[in-house]
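See structure below.
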Amino acid sequence: MNHNPDDLIMLFNDLFRESYRTVLIRGNDEPEYLPAAETGSVAQIIFAHGYYASALHEISHWCIAGAHRRTLRDYGYWYCPDGRSASQQQAFEQVEVKPQALEWLFSVAAGTRFHISVDNLSGDGAADEDGFRRKVRAQANRYLECGMPARARAFFDTLRSFYGVGETFERAWHEESRRILPTDSKTDTEVD
């Protein structure tokens, strides 16, 4: 299956350009969210280096951000780059659970592979990589059982339809869960 980021741009912009005055844009460098600069302009979700996975990740952040956060550059969050200390990494992992859970669901809906990212290769590594993986999976399962934010659900449904994964999503989700956590002995309820 072909996974072209231009398809994500088309799907996202068709869904949200008018209703949320937001567009997805291929970037050359680091990802960034830029709120609308003036009345009538559009906000921009800029994903890194034209990477498909980066687009899914940045869309996930946007789907979680509330109305006020969407008026702030990068949603008003701090970002400490790769090379984080253990305490900085722990804070990073806490805020990444929900976006990575959505990114994982979007990836499965698009029929592509998801990779958990602790994003700290030149630092101390993950604070608790196995725990982080379990938390991301537990959050994704909660989204499936209890519902996703409305914008996330609309995009998820669009991906499933566009990539023809609607009928096979549940089986693909179970396979992906086993791939990401092949020897997990804890249940999702133990993660909270």
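Residue 3 is where the sequence shown starts when you use my numbering, and the numbers rise one by one after that. Quick reminder that beta carbons are idealized off the backbone N, C-alpha and C, glycines included. The model shown is predicted, which means the values in this text are computed figures rather than measured ones.
Roughly how many whole angstroms lie between the Cα atoms of residue i and residue j?
| i | j | result |
| --- | --- | --- |
| F171 | R135 | 20 Å |
| G125 | E95 | Bear in mind that a pLDDT of 41 at G125, under 50, signals an unreliable position, so the number given afterwards is only what the model happens to contain. Between G125 and E95, the C-alpha separation is close to 14 Å. |
| S69 | E40 | A small fix is needed here, since residue 69 is Ala in this sequence, not Ser. Computed Cα separation, rounded: 16 Å. |
| L13 | R71 | 23 Å |
| H51 | L58 | 13 Å |
| N6 | G133 | 32 Å |
| S179 | G42 | 42 Å |
| F157 | Y145 | 14 Å |
| E147 | A140 | 10 Å |
| L17 | E131 | 34 Å |
| P37 | V167 | 32 Å |
| A152 | A142 | 15 Å |
| I48 | R173 | 32 Å |
| Y79 | V97 | 10 Å |
| M150 | N30 | 30 Å |
| N4 | E169 | 19 Å |
Between the options, which lies nearest to residue i when the distance is taken from Cα to Cα?
| i | options | result |
| --- | --- | --- |
| N15 | G168, Q46, P151 | Q46 |
| E34 | R75, V44, E20, I11 | R75 |
| V99 | A112, S163, H117, V138 | V138 |
| S21 | F116, V44, D9, V167 | V44 |
| W175 | F164, F18, D8, E105 | E105 |
| I118 | N30, M150, F49, L183 | L183 |
| F116 | T73, Y54, L26 | Y54 |
| A154 | E32, E60, M3 | E60 |
| D2 | F164, E169, E177 | With the chain represented from 3 up to 194, any question about residue 2 goes unanswered, as that position is not in the structure. |
| I11 | E177, E32, L26, E169 | L26 |
Could you check how far apart the C-beta atoms of residue i and residue j are, in whole angstroms? I think they sit under 8 Å.
| i | j | result |
| --- | --- | --- |
| A1 | Y77 | Within the shown structure, residues of the chain are numbered from 3 to 194, placing residue 1 beyond reach of any answer. |
| A103 | R162 | Incorrect: roughly 16 Å between the Cβ atoms, too far for contact. |
| S62 | F108 | 7 Å |
| W64 | T24 | 7 Å |
**Report entry** Length-filtered (3 minimum) beta strand (DSSP E) runs lying within the region 23-71
**Finding:** 24-28, 34-36, 45-49
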